[in-house]
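Novice: Take this structure, written in C-alpha cells, and hold onto it; I'll ask about it next.
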C-alpha cells in the first residue's frame with residue numbers, strides 16, 4: 021500500500037448467512053453478492069489502484085455464523101489479501117450482541133490476519149486516518165462521540181461507524197432505527213463518515229459528510245421490481261433498486277473525499293406484483309388474473325400483494341386467491357399476501373400468509389387433506405359470521421356426530 025491511499029472501497033451490510041424468507045437459496049444469494057463485490061474491487065485495483073477496503077458493520081447476519089458462512093468470508097478476504105488490499109472492519113448490530121460486543125466473529129478474522137478489526141481504534145495511512153467505532157445503542161452515544169473526538173487526527177479523518185445518523189432521508193422502514201440513532205449535530209464536522217446500517221445504496225446525509233453504501237443484496241420488498249395488475253394487464257411501476265458499494269477518492273490537495281457509487285451486476289430478480297380488488301365479482305377478478313402470466317418469473321422470488329375490497333355478498337374463498345401461485349411459473353418461491361376488506365367493514369381483514377401457515381402446520385400434523393380443507397373452510401365461514409355452517413363443516417370433515425358439544429361462540 022502507498023503511504024497516502026487515494027482510492028478506498030467502502031462497503032457495508034453484507035449480512036453473510038442471512039436466510040431471507042427462510043430460504044437457503046437467499047443465503048447463497050447474499051454470499052454471491054459479497055464475492056461479486058470482491059471480484060469488482062480486485063478489478064478496480066488493477067484498473068485504478070484501489071488499495072484499501074472498509075466494511076462498516078454487519079458483515080455477518082448473526083454473531084454466531086455457521087462454518088460455511090465463515091468459509092465464504094475467509095474466501096473473499098483471502099483474495100483481497102493476496103491482491104495486496106488491506107481490509108478494515110467494524111462491528112454492526114448484527115455482528116455482536118449489545119450485551120457482549122467483544123465476543124464477535126470479526127475478531128476471528130482479525131486473529132487470522134485477514135482483516136484489521138477496529139473498535140475505538142484507528143490506522144494511519146500517510147495523511148489519512150481511518151477511525152473505527154463499533155455500533156452502540158442511542159443511549160450510549162455520548163460516550164462513543166467523546167471517544168471519537170479523542171481519536172481524530174490532524175490530517176484527513178475517515179470515520180467508520182454503524183449507526184443511523186439522524187436526518188438521513190431513508191425511504192424504506194428499518195427495524196430498530198431509533199435504537200441506533202445519533203443526531204448529526206453531535207458528531208465532529210472535520211471528518212468524512214463511512215457509515216453503515218441503512219440499506220439504500222449511496223444514501224447521502226443532507227448536512228454531514230456521510231454516505232451509506234447500502235446492503236449488497238435486496239433487503240426489503242419495497243426495493244423489489246414492482247408491477248401492478250390493472251384490467252388484466254401488468255404495468256411496471258419501478259425497477260429493482262440498485263445495490264453495490266462506494267469508491268472514496270481522497271483529493272490529495274484539498275483532503276476532500278469524493279464519493280463514486282459502484283453498482284453490482286447480477287443477482288436474483290426480486291419481483292412484487294400488486295393486484296387490486298375493487299369490488300368486482302369473482303368471475304371478473306379471475307379473468308383478470310390471467311395477466312399474471314405475462315412476466316418471466318424464472319428463478320425470481322415473487323411476492324403478490326392482493327389488496328382492496330371484496331364485492332358485496334362474496335367471501336375470500338369465492339375469489340380463488342389460492343389459485344394465484346399456479347399462475348406464476350418457474351419462480352424460486354411465490355408468496356401471496358392478502359389484505360382485503362368487505363365493503364363497509366374496515367375490520368374484516370384476511371391475511372393469506374397466515375392461512376398458508378395454518379395449512380402448512382395442519383398438513384404436517386394431520387396429513388389428511390380433506391380434514392385440512394375442512395378446517396380452512398370453517399375458518400373462512402367464521403370470518404363471514406357463519407358459525408353454525410362452520411360447525412357443520414367441521415363435524416363432517418372430522419367425522420363427528422351432531423351431538424358433539426361445541427364451545428359456544430358469542
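Residue numbers (the numbering used here): 21 to 430.
Glycine included, each C-beta is placed from N, C-alpha and C at the ideal position.
The structure presented is a predicted model; accordingly, all values stated were derived computationally and were not measured.
Would you kindly report the start and end of the unbroken alpha helix (DSSP H) that includes residue 303?
Specialist: For this step, residue 303 is matched to residue 283 along the chain shown. Where residue 303 is concerned, the enclosing alpha helix (DSSP H) stretches over 302 to 308.
Novice: At a cut of 8 Å, does the segment 116 to 123 reach the segment 58 to 77 through at least three beta carbon pairs?
Specialist: Verdict: no, contact absent.
Novice: Is the separation between the beta-carbon of residue 292 and that of residue 323 shorter than 7 Å?
Specialist: Counting from 1 along the chain shown, the entry for residue 292 is found at position 272. Counting from 1 along the chain shown, the entry for residue 323 is found at position 303. Contact flag set, yes.
Novice: Whether or not the segment 33 to 49 and the segment 265 to 282 are in contact is what I'm after, with contact meaning three or more pairs of Cβ atoms, one per stretch, closer than 8 Å; do they touch?
Specialist: Counting Cβ pairs under 8 Å, fewer than three are found: no touch.
Novice: Just mark residue 120 as buried or exposed, buried being the case when its beta carbon has 16 or more other beta carbons within 10 Å.
Specialist: Translated into positions along the chain shown, residue 120 becomes position 100. When all chains shown are included, residue 120 counts as exposed.
Novice: Compute the beta-carbon to beta-carbon distance between residue 275 and residue 175, rounded to the nearest angstrom, for a pair I have assumed lies under 8 Å.
Specialist: In the chain shown, residue 275 corresponds to position 255, counting from 1. In the chain shown, residue 175 corresponds to position 155, counting from 1. Between residue 175 and residue 275 the Cβ distance is about 7 Å, and since that is below 8 Å, they are a contact.
Novice: Please list the segments of the beta strand (DSSP E) lying wholly inside the segment 161 to 207, counting only runs of 3 or more residues, in order along the chain.
Specialist: Counting only runs of 3 or more, we get 176 to 182.
Novice: Under 8 Å, with one C-beta from each stretch per pair, do the segment 185 to 195 and the segment 215 to 233 reach the 3-pair mark?
Specialist: Contact holds: three or more Cβ-Cβ distances are below 8 Å.
Novice: Which partner residues does residue 269 have in the DSSP bridge list?
Specialist: As a working note, residue 269 is residue 249 in the chain shown. DSSP, once it has assigned bridges, lists 27, 278 as partnering residue 269.
Novice: For residue 83, would you say it is in contact with chain C, using Cβ-to-Cβ distances shorter than 7 Å as the test?
Specialist: Included in the structure is just one protein chain, with no chain C present.
Novice: Can at least three beta-carbon pairs, one atom from the segment 87 to 97 and one from the segment 262 to 271, be found at a separation below 8 Å?
Specialist: The segment 87 to 97, when compared against the segment 262 to 271, does not touch it at the 8 Å Cβ threshold.
Novice: Quick one: Cα of residue 39 to Cα of residue 143, how far?
Specialist: One-based indexing of the chain shown puts residue 39 at position 19. One-based indexing of the chain shown puts residue 143 at position 123. Using only the alpha carbons, I get a separation of about 34 Å.
Novice: When DSSP labels each residue in this structure, what does residue 49 get in the three-state scheme?
Specialist: For the purposes of this step, residue 49 is taken as the residue at position 29 of the chain shown. Residue state, collapsed to three classes: helix.
Novice: At what residues does the alpha helix (DSSP H) containing residue 96 begin and finish?
Specialist: Start at 1 with the first residue of the chain shown, and residue 96 comes out as number 76. Note, residue 96: alpha helix (DSSP H), 87 to 102.
Novice: Who does residue 343 pair with in a DSSP beta bridge?
Specialist: As a first step, residue 343 is located in the chain shown; it is residue number 323 there, counting from the start. Answer by DSSP bridge pairing: none, since residue 343 is not bridged.
Novice: What are the boundary residues of the beta strand (DSSP E) that residue 335 is part of?
Specialist: For the purposes of this step, residue 335 is identified with residue 315 of the chain shown, where counting begins at 1. Where residue 335 is concerned, there is no enclosing beta strand (DSSP E), given that its DSSP letter is neither H nor E.
Novice: Between the Cα of residue 103 and the Cα atoms of 258, 299, 65, which residue gives the shortest distance?
Specialist: Indexing the chain shown from 1 puts residue 103 at position 83. Residue 65 is the option with its Cα nearest to residue 103.
Novice: Can you name, in chain order, every residue of its own chain whose Cβ lies under 6 Å from the Cβ of residue 301, other than the five neighbours on each side?
Specialist: For this step, residue 301 is matched to residue 281 along the chain shown. So the list reads 331, once near-sequence residues are dropped.
Novice: Between the Cα of residue 309 and the Cα atoms of 335, 27, 251, 100, which residue gives the shortest distance?
Specialist: Taking the first residue of the chain shown as position 1, residue 309 is located at position 289. It is 251 whose Cα lies nearest to the Cα of residue 309.
Novice: Considering just the uninterrupted stretch of the alpha helix (DSSP H) at residue 436, what are its terminal residues?
Specialist: There is simply no residue 436 to check, as the chain begins at 21 and stops at 430 in what is shown.
Novice: Take residue 135 and list the residues in its own chain whose beta-carbon comes closer than 8 Å to its own, dropping the five residues that flank it on each side.
Specialist: Here residue 135 refers to the residue found at position 115 when the chain shown is read from its first residue. Around residue 135: 75, 97, 107, 108, 109, 126, 129.
Novice: Span of the beta strand (DSSP E) holding residue 361?
Specialist: The residue given as residue 361 occupies position 341 in the chain shown. It spans 353 to 362 - the beta strand (DSSP E) in which residue 361 sits, taken as one unbroken run.
Novice: Output the boundary residues of the beta strand (DSSP E) element that contains residue 152.
Specialist: What you label residue 152 is simply residue 132 of the chain shown in a count that begins at 1. 148 to 152 is the extent of the beta strand (DSSP E) around residue 152.
Novice: What distance in whole Å lies between the Cβ atoms of residue 249 and residue 312, which are believed to be in contact at a cut-off of 8 Å?
Specialist: For this step, residue 312 is matched to residue 292 along the chain shown. For this step, residue 249 is matched to residue 229 along the chain shown. Residue 312 to residue 249, Cβ: 7 Å. Contact.
Novice: In whole angstroms, give me the CA-to-CA distance for residue 395 and residue 314.
Specialist: Counting from 1 along the chain shown, the entry for residue 395 is found at position 375. Counting from 1 along the chain shown, the entry for residue 314 is found at position 294. So the two alpha carbons sit approximately 34 Å from each other.
Novice: Can you give the beta carbon distance from residue 200 to residue 221, rounded, assuming they're within the 8 Å contact cut?
Specialist: If you number the chain shown from 1, residue 200 lands on position 180. If you number the chain shown from 1, residue 221 lands on position 201. Incorrect: roughly 19 Å between the Cβ atoms, too far for contact.
Novice: Start and end of the beta strand (DSSP E) containing residue 232?
Specialist: By 1-based counting over the chain shown, the position of residue 232 is 212. Note, residue 232: beta strand (DSSP E), 230 to 232.
Novice: If residue 78 sits next to residue 132, beta carbons under 8 Å apart, how far is it from one beta carbon to the other, in whole angstroms?
Specialist: Walking along the chain shown from the start, residue 78 turns up at place 58. Walking along the chain shown from the start, residue 132 turns up at place 112. Not quite, the Cβ-Cβ distance comes to about 20 Å (not below 8 Å), so this is no contact.
Novice: Whole angstroms is fine: what's the gap from residue 398's alpha carbon to residue 334's?
Specialist: Reading the chain shown from its first residue, position 378 is the one you call residue 398. Reading the chain shown from its first residue, position 314 is the one you call residue 334. Each residue's alpha carbon lies about 16 Å from the other.
Novice: Quick check: what's the CA-CA separation for residue 246 versus residue 240?
Specialist: By 1-based counting over the chain shown, the position of residue 246 is 226. By 1-based counting over the chain shown, the position of residue 240 is 220. Residue 246 and residue 240: Cα-Cα distance of roughly 12 Å.
Novice: Going by beta carbon distance, what residues of the same chain come within less than 8 Å of residue 319, once the five residues before and after it are set aside?
Specialist: Start at 1 with the first residue of the chain shown, and residue 319 comes out as number 299. Closer than 8 Å at the Cβ level, and outside the excluded window around residue 319, lie 288, 289, 350, 351, 352.
Novice: Just reading off the beta strand (DSSP E) that residue 291 is part of, what are its end residues?
Specialist: In the chain shown, counting from the first residue as 1, residue 291 sits at position 271. 290 to 298 is the span of the beta strand (DSSP E), which, as asked, contains residue 291.
Novice: In the DSSP output, which residue or residues are listed as bridge partners for residue 80?
Specialist: As a position in the chain shown, residue 80 is number 60, starting the count at 1. Note: residue 80 sits in a beta bridge opposite 36.
Novice: Report the option in 55, 304, 180 whose CA atom is closest to the CA atom of residue 95.
Specialist: Along the chain shown, read from residue 1 onward, the residue named residue 95 stands at position 75. When only C-alpha atoms are compared, the closest one is 55.
Novice: So, with DSSP's three-state summary, where would you put residue 60?
Specialist: Residue mapping note: residue 60 aligns to position 40 of the chain shown, counting from 1. Residue 60: helix per DSSP, three-state reduction.
Novice: Consult DSSP for residue 416 and reduce its assignment to one of helix, strand or coil.
Specialist: Counting from one through the chain shown, the residue named residue 416 turns up at place 396. Helix, per DSSP.
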